[in-house]
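Heads up: the structure comes next, in structure tokens.
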Amino acid sequence: MSFVLNNSWLIPLLPLIGAAISGFFGARWLKDRSHWPIWLTVGASAVLSFILLLGMAGQVRQAEHLRLAEEGQVQRPGMVVDPGARKAIGHTDPWFTWISAGEFRASAGAWIDPLTVVMLCVVTGIGLLIVIYARGYMAGDSGYFRFFAYLGLFIFMMSVLVMGENLVMLYLGWEGVGLCSYLLIGHYYERPSAREAAKKAFLVNRVGDFGFALGIMLVFLVFGTVSYFGDGAGTMTGVLEKVSRYGELPAWQQHAVMWIPFLLMLGAFGKSAQFPLYVWLPDAMEGPTPVSALIHAATMVTAGVYMIARCSALFVVNEAAMLTVAAVGAFTAIFAATIALRQFDLKKVFAYSTISQLGFMFVGVGVLAPVAGVFHLVTHAFFKALLFLSSGVVMHAMAGELDLRKMSGLKAVLPRTRWLMLAGCAALAGFPLITAGFYSKDEIVVAAMDRHWLIGLVLLGTALLTAYYTFRVYFRVFEGPLVTPPPAEGHGHGHGHDEHSHHNHEPAVMILPLAVLAIGAIVAGFLNFPGGWLGEFLGHSPSLQVAFHMTAAAGTEIEPVFWGQPGEHRIHVQAMAISGLVAVLGILLAYWLHLQERARAEQLAARLPGVTRVLDGKYWVDEIYQAGIVEPLRRVGRVFFGIDRLVIDGLLWTVAYVPQVAALVMKITVQRGSLQGYALTMLFGVVVILLLVFL
Numbered sequence: 054m055s056f057v058l059n060n061s062w063l064i065p066l067l068p069l070i071g072a073a074i075s076g077f078f079g080a081r082w083l084k085d086r087s088h089w090p091i092w093l094t095v096g097a098s099a100v101l102s103f104i105l106l107l108g109m110a111g112q113v114r115q116a117e118h119l120r121l122a123e124e125g126q127v128q129r130p131g132m133v134v135d136p137g138a139r140k141a142i143g144h145t146d147p148w149f150t151w152i153s154a155g156e157f158r159a160s161a162g163a164w165i166d167p168l169t170v171v172m173l174c175v176v177t178g179i180g181l182l183i184v185i186y187a188r189g190y191m192a193g194d195s196g197y198f199r200f201f202a203y204l205g206l207f208i209f210m211m212s213v214l215v216m217g218e219n220l221v222m223l224y225l226g227w228e229g230v231g232l233c234s235y236l237l238i239g240h241y242y243e244r245p246s247a248r249e250a251a252k253k254a255f256l257v258n259r260v261g262d263f264g265f266a267l268g269i270m271l272v273f274l275v276f277g278t279v280s281y282f283g284d285g286a287g288t289m290t291g292v293l294e295k296v297s298r299y300g301e302l303p304a305w306q307q308h309a310v311m312w313i314p315f316l317l318m319l320g321a322f323g324k325s326a327q328f329p330l331y332v333w334l335p336d337a338m339e340g341p342t343p344v345s346a347l348i349h350a351a352t353m354v355t356a357g358v359y360m361i362a363r364c365s366a367l368f369v370v371n372e373a374a375m376l377t378v379a380a381v382g383a384f385t386a387i388f389a390a391t392i393a394l395r396q397f398d399l400k401k402v403f404a405y406s407t408i409s410q411l412g413f414m415f416v417g418v419g420v421l422a423p424v425a426g427v428f429h430l431v432t433h434a435f436f437k438a439l440l441f442l443s444s445g446v447v448m449h450a451m452a453g454e455l456d457l458r459k460m461s462g463l464k465a466v467l468p469r470t471r472w473l474m475l476a477g478c479a480a481l482a483g484f485p486l487i488t489a490g491f492y493s494k495d496e497i498v499v500a501a502m503d504r505h506w507l508i509g510l511v512l513l514g515t516a517l518l519t520a521y522y523t524f525r526v527y528f529r530v531f532e533g534p535l536v537t538p539p540p541a542e543g544h545g546h547g548h549g550h551d552e553h554s555h556h557n558h559e560p561a562v563m564i565l566p567l568a569v570l571a572i573g574a575i576v577a578g579f580l581n582f583p584g585g586w587l588g589e590f591l592g593h594s595p596s597l598q599v600a601f602h603m604t605a606a607a608g609t610e611i612e613p614v615f616w617g618q619p620g621e622h623r624i625h626v627q628a629m630a631i632s633g634l635v636a637v638l639g640i641l642l643a644y645w646l647h648l649q650e651r652a653r654a655e656q657l658a659a660r661l662p663g664v665t666r667v668l669d670g671k672y673w674v675d676e677i678y679q680a681g682i683v684e685p686l687r688r689v690g691r692v693f694f695g696i697d698r699l700v701i702d703g704l705l706w707t708v709a710y711v712p713q714v715a716a717l718v719m720k721i722t723v724q725r726g727s728l729q730g731y732a733l734t735m736l737f738g739v740v741v742i743l744l745l746v747f748l
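Using my numbering, read the sequence shown as starting at 54 and increasing by one per residue.
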């Protein structure tokens, strides 16, 4: 533990080294072995991350034993600990001074606390399973070495984002994962659709990142630092320490602090695909399926949730900001869920489900339940990676076909994948008692009901839709009579997605990671089974403790939901029962419409043509953006392009052309090769000079 803590730089550095090896030596020497550097380095980072987790858990346990011993109590199973008495556990590992300019200083270093460790295990652990799967999925791809190099770079950037001890390092990782997503979404750059999707992801994220950058600048202007915490010696020099004394700040700083969360949340909305900046994520399906899993489960889209949880002390000073986060999350959740109802592209359904589930997480952190939000982030990583990677297996077997209307009964072709995807679908739907998604989603619903009942009702409605569209996919793909699309010629399928065709549709290198993820999709829910381990563990995070104490000092009663504790047992059981019932109803509705009698779904759609048209058009948000933003900006760009060519470049061309014309005139009229003419010109010049001098 101490070795890893003092050499934490190894965790992000190892994937970077692997990426460099695969990138520089893959094309000529490694070729189809380019995955090995990534396997080894990401695997080593995962091992180091889990060592940190075990060591940090030991510190938490020791701290609780010492505290209880001082109070004369005995630790008992299920004992609810007073959050206010928990010891904050965090370690700074400075690497080197990165930026020093005037009063601005930013160090490169790691901040290690329970929140960091949990996120690191998600990034490196899920990331390792995805890169193992990618070995089978990308076999034979012409950009094999390049793909694995970018995967390693992606995990490096996300590790920097999570581990950074200040906002500038977080921003470095933030921009880094944006760059990597651009490179990986556009992996098949010969396809126009992939190129456009990559550009769209990059540009939409720039909108949010601009607000995030302004927020960091305002943080430095107000607090004079960008570090989360000081040197650990009680100097209270970090941002989160200074904001905890909000009432002691000068008036102008108090006013400025109120704007910081709005700027930061703009960045979070872009990176985590919340309304109105969600439009890039569905198009990101143009990348290879392992990329979809990595973006949706282990990296990038979780960054916004993590940032708000980490900086929650900056958010709780402004109740309007917290309500905005929760309201946007709730709206995005049900908005994306309704779009998913009418998607027939297998990966697009799960893409919109990611947007919806991220909305749940934003509600969690927005209603002062950060543990519930992070808990759902962890469980979602398991089952969403499982669902995307299972979709990749289906694509292999179906020659790249993704249309739900062109396949059925695949349990006969993919028996193992059928059970694995069933586990993922059950977790996403929140099937009661036995899935991770049920417990994590339930905690957010309970917290939302406690704080804002209307948001809680929206989430319950979203849960019903989620269960329905999830099992709509499962019943259409795996149940019913066997229907397979005609074999595609070559590797093209005209759908805009990657595909690889193999005789063995369920190779071990692809199935084994799915099996591990399926286990996680079931058992991860017990990490924070009401009153469970995760809330206790995260309760020792200094970032969350500062936010909790600030909220408690303001007189807000949020103790149980903040730490993911059950609160009043009767209310929690009722909420669990309602949540479970909603999930079961959604599954039964999907069974009735898409398995028992499949014609019913289209008959219902025909009876509701207006609703169907709106959902098929995805509310025409992309078209509105295209007509209202993209095209006007394109026209403005053309005007400025014309000004640049005709005015600016024209002026430069004129300046360059005048000497040429003058030289030509001189050549024709004066410099004709006549010595008498030259002498006469010289004499004329001498006379002019004499006149100027003596007159």
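Glycine included, C-beta positions come from ideal geometry on N, C-alpha and C.
#### Entry: Where HIS546 sits in the DSSP three-state scheme
Annotation note: pLDDT 38 at HIS546 (below 50); position unreliable, no value reported.
### Query
In terms of residues, what are the limits of the alpha helix (DSSP H) holding PHE491?
That run of the alpha helix (DSSP H) goes 489-504.
### Query
Tell me the DSSP bridge mates of SER160?
In the DSSP assignment, SER160 is bridged to THR150.
### Message
I need the straight-line Cα distance from THR391 to ARG199, nearest angstrom please.
### Response
Distance between the alpha carbons of THR391 and ARG199: 37 Å.
### Task
Tell me whether GLY217 sits in a helix, a strand or coil according to DSSP, three-state version.
Here GLY217 sits in strand by DSSP.
### Query
How close, in whole Å, do the beta carbons of ALA99 and THR177 come, if the pair is a contact with beta carbons under 8 Å?
Distance from ALA99 to THR177 at the Cβ level is roughly 4 Å; contact confirmed, criterion being Cβ atoms closer than 8 Å.
### Start and end residues, alpha helix (DSSP H) containing LEU591
DSSP places LEU591 in the uninterrupted alpha helix (DSSP H) bounded by 586-591.
### Task
Taking ILE70 as the reference, give the member of SER87, VAL57 and PHE56 with the closest Cα.
Nearest option by C-alpha distance: SER87.
### Query
Alpha carbon to alpha carbon, how far is GLY285 from HIS144?
Only weak support is given to the placement of GLY285: the predicted model assigns it a pLDDT of 48, under 50, and the question is left unresolved by the model.
#### Entry: Three-way DSSP call (helix, strand, coil) for HIS553 in this model
Any reading at HIS553 needs caution, since the residue's pLDDT is 44, under 50, leaving its predicted position unreliable; the model's value is listed next. Reduced to three states, the DSSP call for HIS553 is coil.
### Inter-residue spacing [alpha-carbon to alpha-carbon] between ASN59 and MET216
As the crow flies, the alpha-carbon of ASN59 is around 13 Å from that of MET216.
### Query
Alpha carbon to alpha carbon, how far is LEU704 from LYS253?
When rounded, the distance between both Cα atoms is 35 Å.
### Query
Does the distance from the C-beta atom of ALA346 to that of LEU442 stay below 8 Å?
Note that the C-beta distance between ALA346 and LEU442 is below 8 Å.
#### Entry: VAL427 versus GLY509: straight-line alpha-carbon distance, rounded
Approximately 18 Å, taken between the alpha carbons.
### Task
Name the residue from GLY419, VAL499, ALA337 and GLY639 whose alpha carbon lies nearest to the alpha carbon of THR515.
Closest by alpha carbon: GLY639.
#### Entry: Which listed residue (HIS118, THR278 and ALA304) has its alpha carbon closest to that of LEU293
Distance check between LEU293 and each of HIS118, THR278 and ALA304 places THR278 closest, using alpha-carbon atoms only.
### Task
Work out the CA separation of VAL113 and ALA450 for me, nearest whole Å.
If I take the Cα positions, the gap works out to 47 Å.
### Query
Just how far apart, CA to CA, sit GLU190 and PRO341?
One detail in the question is off: residue 190 reads as Tyr in this sequence, not Glu. Between TYR190 and PRO341, the C-alpha separation is close to 9 Å.
### Query
Do LEU481 and LEU421 have their C-beta atoms within less than 8 Å of each other?
Note that the C-beta distance between LEU481 and LEU421 is not below 8 Å.
### Message
On a Cα-Cα basis, can you pick out the residue from ARG298, TYR299, PHE282 and SER297 that is closest to GLY291?
### Response
The option with the nearest alpha carbon to GLY291 is PHE282.
### Query
Exposed or buried, PHE524, counting other C-beta atoms within 10 Å across all chains shown (16 or more means buried)?
Buried is the label assigned to PHE524, since at least 16 other Cβ atoms lie within 10 Å of its Cβ.
### Task
Put THR290 into one of helix, strand or coil per three-state DSSP.
Under the three-state reduction of DSSP, THR290 is assigned to coil, being neither helix nor strand.
### Query
Using 8 Å as the threshold, is the segment 164-182 in touch with the segment 93-110, meaning 3 or more CB pairs across them?
Touching, yes.
### Query
Is it the case that the Cβ atoms of VAL358 and LEU411 are separated by a distance below 8 Å?
Less than 8 Å divides the Cβ of VAL358 from the Cβ of LEU411.
### Task
Report back the beta-carbon spacing between VAL230 and MET353 to the nearest angstrom; my notes put them in contact at under 8 Å.
So it is a contact: roughly 5 Å between Cβ atoms.
### Query
Which partner residues does VAL536 have in the DSSP bridge list?
Paired residues: SER461.
### Task
Sort ALA434, LEU181 and LEU302 by Cα distance to VAL576 and report the nearest one.
Answer by Cα proximity: ALA434.
#### Entry: Exposure label - HIS118; buried when at least 16 CB within 10 Å
Taking all protein chains shown into account, HIS118 has fewer than 16 neighbouring C-beta atoms within 10 Å of its C-beta and is therefore exposed.
### Message
If you follow the alpha helix (DSSP H) that GLN679 is in, where does it begin and where does it stop?
### Response
Annotation for GLN679: no alpha helix (DSSP H) segment contains it, and DSSP assigns it neither H nor E.
#### Entry: Minimum length 3: unbroken beta strand (DSSP E) runs contained in the segment 251-312
If only complete runs of 3 or more residues are kept, the segment 251-312 shows no beta strand (DSSP E) anywhere.
#### Entry: Straight-line Cα distance separating ARG158 from MET563
The alpha-carbon of MET563 is positioned some 46 Å away from that of ARG158.
### Query
Going by other Cβ atoms of all chains shown within 10 Å of its Cβ, with 16 needed for buried, is MET14 buried or exposed?
This structure cannot settle anything about residue 14, because the visible part of the chain is limited to 54 through 748.
#### Entry: Per DSSP, the bridge partner or partners of HIS558
Partner(s): none; HIS558 has no beta bridge.
### Query
Rounded to whole angstroms, how far is the Cβ of ILE64 from the Cβ of LEU101, which I believe are closer than 8 Å?
Indeed they touch by this definition, with Cβ atoms about 5 Å apart.
### Query
With 16 as the cutoff for other CB atoms within 10 Å, does ILE742 come out buried or exposed?
Exposed: under 16 other Cβ atoms inside 10 Å.
### Query
Going by other Cβ atoms of all chains shown within 10 Å of its Cβ, with 16 needed for buried, is THR722 buried or exposed?
Residue environment: THR722 is assigned as exposed (fewer than 16 neighbouring CB atoms within 10 Å of its CB, all protein chains considered).
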